[in-house]
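Peer 1: Position in the sequence shown (from 1) plus 42 gives the number in this note's numbering.
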Amino acid sequence: MSKTQHEVNQNIDPLKMAESLELEQLNEKTLNDMRSGSEVLVEALLKENVDYLFGYPGGAVLPLYDTFYDGKIKHILARHEQGAVHAAEGYARVSGKTGVVVVTSGPGATNVMTGITDAHCDSLPLVVFTGQVATPGIGKDAFQEADILSMTSPITKQNYQVKRVEDIPKIVHEAFHVANSGRKGPVVIDFPKDMGVLATNVDLCDEINIPGYEVVTEPENKDIDTFISLLKEAKKPVVLAGAGINQSKSNQLLTQFVNKHQIPTVTTLLGLGAVPYEDTLFLGMGGMHGSYASNMALTECDLLINLGSRFDDRLASKPDAFAPNAKIVHVDIDPSEINKVIHVDLGIIADCKRFLECLNDKNVETIEHSDWVKHCQNNKQKHPFKLGEEDQVYCKPQQTIEYIGKITNGEAIVTTDVGQHQMWVAQFYPFKNHGQWVTSGGLGTMGFGIPSSIGAKLANPDKTVVCFVGDGGFQMTNQEMALLPEYGLDVKIVLINNGTLGMVKQWQDKFFNQRFSHSVFNGQPDFMKMAEAYGVKGFLIDKPEQLEEQLDAAFAYQGPVLIEVRISPTEAVTPMVPSGKSNHEMEGL
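(1) Got a sec: is the Cβ-Cβ distance from residue 362 to anything in chain C below 8 Å?
(2) Give the DSSP-derived three-state secondary structure of residue 631 in the structure shown.
(3) Out of curiosity, what's the CA-to-CA distance linking residue 191 and residue 289?
(4) Going along the chain, which unbroken runs of the beta strand (DSSP E) with 3 or more residues stay wholly within the segment 448 to 517?
(5) For a test of the three-state rule: what should DSSP assign to residue 536, helix, strand or coil?
(6) Which residue from 530, 519, 416 puts its Cα closest to that of residue 503?
(7) Tell me which residues share the same chain as residue 215 and place their Cβ nearer than 6 Å to its Cβ, disregarding the 5 neighbours each side in the sequence.
(8) Go to residue 303, then tell me how far its alpha helix (DSSP H) extends in each direction, as first and last residue.
(9) Any idea what DSSP makes of residue 619, helix, strand or coil?
(10) State the Cα-Cα distance for the pair residue 570 and residue 580, rounded to the nearest angstrom.
(11) Does the segment 360 to 367 come into contact with the segment 395 to 415, if we say contact requires no fewer than three beta-carbon pairs (one atom in each stretch) closer than 8 Å?
(12) Measuring CB to CB, does residue 430 end up less than 8 Å from residue 438?
(13) When you compare only the Cα positions, how much space is there between residue 187 and residue 457?
(14) What three-state label does DSSP hand residue 158 in the structure shown?
(15) Which same chain residues end up closer than 8 Å to residue 610 when comparing Cβ atoms and leaving out the 5 residues on each side of it in sequence?
(16) How long is the line joining the alpha carbons of residue 360 and residue 554, rounded to whole angstroms?
(17) Among 521, 158, 278, which has the Cα closest to the Cα of residue 196?
(18) If you reduce the DSSP assignment to three classes, tell me which class residue 78 lands in.
(19) Under the three-state reduction of DSSP, which class applies to residue 558: helix, strand or coil?
(20) Whole angstroms are fine: how far does the CA of residue 399 sit from the CA of residue 341?
(21) Taking the DSSP output, what are the residues bridged to residue 347?
(22) Could you give the first and the last residue of the continuous alpha helix (DSSP H) run that contains residue 396?
(23) Using C-beta distances below 6 Å, list every residue in its chain close to residue 501, excluding the 5 sequence neighbours before and after it, in chain order.
(24) In angstroms with no decimal places, state the Cα-to-Cα distance between residue 452 and residue 272.
(25) Going by DSSP, name the residue or residues bridged to residue 416.
(26) Could you have a look at residue 243 and say whether DSSP puts it in helix, strand or coil?
(27) With a threshold of 7 Å (Cβ to nearest heavy atom), would residue 195 be considered close to the ligand HEM?
(28) If you follow the beta strand (DSSP E) that residue 582 is part of, which residue opens it and which one closes it?
(29) Roughly how far, in whole angstroms, is the beta-carbon of residue 445 from the beta-carbon of residue 589, given that I think they are within contact range, below 8 Å?
(30) Within a Cβ cutoff of 7 Å, which residues of the same chain sit near residue 514, ignoring the five residues on either side of it in sequence?
(31) In terms of residues, what are the limits of the beta strand (DSSP E) holding residue 200?
(32) Can you tell me which of the three DSSP states residue 445 falls into?
(33) Which residue wins for smallest C-alpha separation from residue 285, given the options 296, 277, 278?
(34) Would you report the Cα separation of residue 325 and residue 80, rounded to the nearest angstrom?
(35) For residue 317, which residues in the same chain have their Cβ closer than 8 Å to its Cβ, ignoring the five residues on either side in sequence?
(36) Under 8 Å, with one C-beta from each stretch per pair, do the segment 220 to 236 and the segment 261 to 276 reach the 3-pair mark?
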């Protein structure tokens with residue numbers, strides 16, 4: 043070694059050399075860890091255990107869809123953005139997981155508004171990614187720009203716009219937490235196009251820190267004690283089970299509670315399945331098209347125990363006369379629901395599951411009230427839902443649903459659209475458990491049925507899935523049938539065809555002097571040819587004597603089917619509590 047080289051080496055600081063090498067290695071590692079925002083987003087979704095994405099591509103989300111090409115998460119290509127959201131709702135309802143939707147900016151984003159609102163009304167966890175124009179173009183009326191944050195603010199639990207690619211993991215992690223905690227609901231993430239392209243080496247996020255966002259799930263001991271005091275004094279107790287029971291998966295706990303204390307039980311529309319249909323304490327659905335036994339129990343009880351229902355107007359059309367002789371207890375995870383519609387004697391902010399667990403652990407002696415139970419059961423036997431008069435020309439929808447209940451042993455996952463058929467299914471299908479019932483309750487969205495059945499089948503492919511739909515709602519989203527053969531989904535669609543907008547026509551008949559303004563279809567497509575065009579097996583049932591044989595054949599068929607059942611255009615849903623009337627003022631018994 044030359045003297046000069048020796049001197050040079052002697053002058054090098056070993057510590058600085060180590061730092062230089064470490065920095066060089068760090069820079070190399072940093073470069074290797076750089077990923078696009080789209081790649082980071084997919085990583086964040088995988089971390090949240092996302093199995094399916096429901097979506098429809100477009101310009102603003104092309105970088106994201108390019109990342110989907112690798113197939114790390116299964117993408118379901120809907121035929122319309124509304125179909126994608128409803129499919130995600132069906133998936134969320136049945137799986138208990140979060141439904142994830144990806145659509146493009148502008149019209150793609152505005153097309154999901156109905157589905158987001160539907161999920162908001164029915165407390166379903168969704169995370170919806172809407173494409174957005176690149177950041178420099180926001181607020182400048184760029185092509186396919188829409189102010190999605192302003193539009194979705196009233197219909198989401200939270201919404202975000204990604205402004206820094208480094209924020210993607212934190213936003214995604216927060217969004218899933220918010221969607222699934224407390225009262226569940228939809229969250230929107232507005233995703234500008236450039237955020238999918240920009241590179242970052244950000245790590246995924248594990249922490250949650252949302253100032254002011256607190257969820258109470260545990261009931262307070264003093265509230266439990268007060269409730270027990272009320273229960274001990276009650277001679278005519280009734281449980282009203284809402285969607286909160288199904289959401290919290292506390293059906294077995296509720297069944298244990300009501301049988302232990304012999305309490306007759308009513309459900310809301312979204313509470314069906316909270317207790318088994320065959321349970322002798324189950325009186326049926328209450329409200330506008332509820333059973334006589336349920337509505338009379340709500341009227342005559344002296345203690346009403348509301349578990350996870352929001353006292354909506356279809357249940358309590360006349361709030362000041364609802365349960366007039368009762369002390370009312372309301373258990374809800376959402377504090378804003380307590381005393382919102384009806385003033386209650388005891389409001390308990392808690393998760394229904396934790397409330398029932400606390401109660402079932404206690405030994406509570408109640409007043410003997412077997413006469414009350416017998417009275418409620420007698421009402422149920424004396425005034426069952428009517429199957430209707432025999433019809434020599436048309437099939438009966440009630441008998442159709444009842445027979446399908448027998449074929450499926452009351453264990454199918456049932457989705458519906460909205461209208462008369464929805465109420466008949468609620469009245470006549472013998473639900474046994476939670477996770478079976480998928481319908482649009484709060485918003486009443488026509489077009490919900492077919493796409494929601496797709497999500498339901500993906501969530502539980504081993505279960506029979508039956509979709510009931512009217513001829514009106516069917517024609518709003520029938521294009522989603524294309525997904526059934528494409529993804530190998532064996533869904534049985536039952537089209538109840540009366541040639542009308544049945545519920546609209548029924549109200550026109552009753553309240554508008556039979557002035558049937560634009561509620562009758564004067565021209566209908568050939569639904570069997572539509573089924574064939576989509577690669578779905580068709581079964582037409584237009585005579586009552588064909589009903590059972592054709593239904594047996596349709597349900598034995600391996601693959602998706604469309605069963606068209608033709609019913610009378612004058613068939614009505616009964617009984618009915620007219621708007622503004624008390625629950626006991628039922629008509630059509």
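Quick reminder that beta carbons are idealized off the backbone N, C-alpha and C, glycines included.
Peer 2: Taking the geometry as given:
(1) Note that chain C does not occur in the displayed structure, where there is just one protein chain.
(2) Start at 1 with the first residue of the sequence shown, and residue 631 comes out as number 589. Coil, per DSSP.
(3) By one-based count along the sequence shown, residue 191 stands at place 149. By one-based count along the sequence shown, residue 289 stands at place 247. Distance between residue 191 and residue 289, taken at the CA atoms: about 27 Å.
(4) Runs of the beta strand (DSSP E) inside the segment 448 to 517: 455 to 458, 507 to 512.
(5) Along the sequence shown, read from residue 1 onward, the residue named residue 536 stands at position 494. The answer is strand: DSSP assigns residue 536 an E or B state.
(6) Taking the sequence shown and counting its residues from 1, the one referred to as residue 503 is at position 461. Among 530, 519, 416, the Cα nearest to that of residue 503 belongs to 530.
(7) Your numbering for residue 215 matches position 173 in the sequence shown. For residue 215, where only same-chain residues beyond five positions count, the Cβ hits under 6 Å are 247.
(8) Numbered from 1 along the sequence shown, position 261 holds the residue referred to as residue 303. Looking at the DSSP string, the run of the alpha helix (DSSP H) that includes residue 303 is 293 to 303.
(9) Here residue 619 refers to the residue found at position 577 of the sequence shown. Per DSSP, reduced to three states, the secondary structure at residue 619 is coil, with no helix or strand assignment.
(10) Within the sequence shown, the letter at position 528 stands for residue 570. Within the sequence shown, the letter at position 538 stands for residue 580. Roughly 5 Å between the two C-alpha positions.
(11) With the cut-off at 8 Å, the segment 360 to 367 and the segment 395 to 415 do not touch.
(12) Position 388 of the sequence shown holds residue 430. Position 396 of the sequence shown holds residue 438. In this structure, residue 438 lies closer than 8 Å to residue 430 by Cβ.
(13) Taking the first residue of the sequence shown as 1, we reach residue 187 at position 145. Taking the first residue of the sequence shown as 1, we reach residue 457 at position 415. Whole-angstrom Cα-Cα distance: 34 Å.
(14) Here residue 158 refers to the residue found at position 116 when the sequence shown is read from its first residue. DSSP places residue 158 in helix when its eight states are reduced to three.
(15) Counting from one through the sequence shown, the residue named residue 610 turns up at place 568. Around residue 610: 433, 435, 436, 540.
(16) Along the sequence shown, one-based indexing puts residue 360 at 318. Along the sequence shown, one-based indexing puts residue 554 at 512. Those two C-alpha atoms are separated by around 21 Å.
(17) The residue given as residue 196 occupies position 154 in the sequence shown. It is 158.
(18) Residue 78 sits at position 36 when you count from the first residue of the sequence shown. Residue 78: strand per DSSP, three-state reduction.
(19) Position 516 of the sequence shown holds residue 558. Coil.
(20) For the purposes of this step, residue 341 is taken as the residue at position 299 of the sequence shown. For the purposes of this step, residue 399 is taken as the residue at position 357 of the sequence shown. Distance from the CA atom of residue 341 to the CA atom of residue 399, rounded to whole angstroms, is 28 Å.
(21) Indexing the sequence shown from 1 puts residue 347 at position 305. Within the DSSP secondary-structure output, residue 347 pairs in a beta bridge with 281, 371.
(22) In the sequence shown, the residue the question calls residue 396 occupies position 354. It spans 394 to 402 - the alpha helix (DSSP H) in which residue 396 sits, taken as one unbroken run.
(23) To locate residue 501, count along the sequence shown from 1; it is residue 459. Beyond the five residues adjoining it in sequence on each side, residue 501 comes within less than 6 Å, by CB distance, of 133, 136, 137 in the same chain, given in chain order.
(24) Counted from its first residue, the sequence shown places residue 452 at position 410. Counted from its first residue, the sequence shown places residue 272 at position 230. Using only the alpha carbons, I get a separation of about 35 Å.
(25) The residue you call residue 416 lines up with position 374 of the sequence shown. Answer by DSSP bridge pairing: none, since residue 416 is not bridged.
(26) Numbered from its first residue, the sequence shown carries residue 243 at position 201. DSSP, reduced to helix, strand and coil, places residue 243 outside both helices and strands of the structure shown, so it counts as coil.
(27) As presented, the structure is devoid of all ligands, the ligand HEM included, so that no description of it is given.
(28) In the sequence shown, residue 582 corresponds to position 540, counting from 1. Per DSSP, residue 582 is one residue of the beta strand (DSSP E) stretching across 579 to 583.
(29) The residue labelled residue 445 in the question sits at position 403 within the sequence shown. The residue labelled residue 589 in the question sits at position 547 within the sequence shown. For a cut-off of 8 Å, the C-beta gap from residue 445 to residue 589 is around 7 Å, short enough to register as a contact.
(30) Within the sequence shown, the letter at position 472 stands for residue 514. Excluding residues up to 5 positions away in sequence, 461, 488, 543 lie with their Cβ nearer than 7 Å to the Cβ of residue 514 in the same chain.
(31) Translated into the one-based positions of the sequence shown, residue 200 becomes position 158. Looking at the DSSP string, the run of the beta strand (DSSP E) that includes residue 200 is 200 to 203.
(32) For this step, residue 445 is matched to residue 403 along the sequence shown. The three-state secondary structure of residue 445, taken from DSSP, is helix.
(33) Start at 1 with the first residue of the sequence shown, and residue 285 comes out as number 243. Closest option to residue 285, Cα to Cα, is 296.
(34) Here residue 325 refers to the residue found at position 283 of the sequence shown. Here residue 80 refers to the residue found at position 38 of the sequence shown. Take the alpha-carbon of residue 325 and the one of residue 80: they are about 51 Å apart.
(35) Here residue 317 refers to the residue found at position 275 when the sequence shown is read from its first residue. Same-chain partners within the cutoff: 283, 293, 296, 297, 300, 307, 309, 323, 324.
(36) With a cut-off of 8 Å, the segment 261 to 276 and the segment 220 to 236 do not count as touching, because too few Cβ pairs lie within range.
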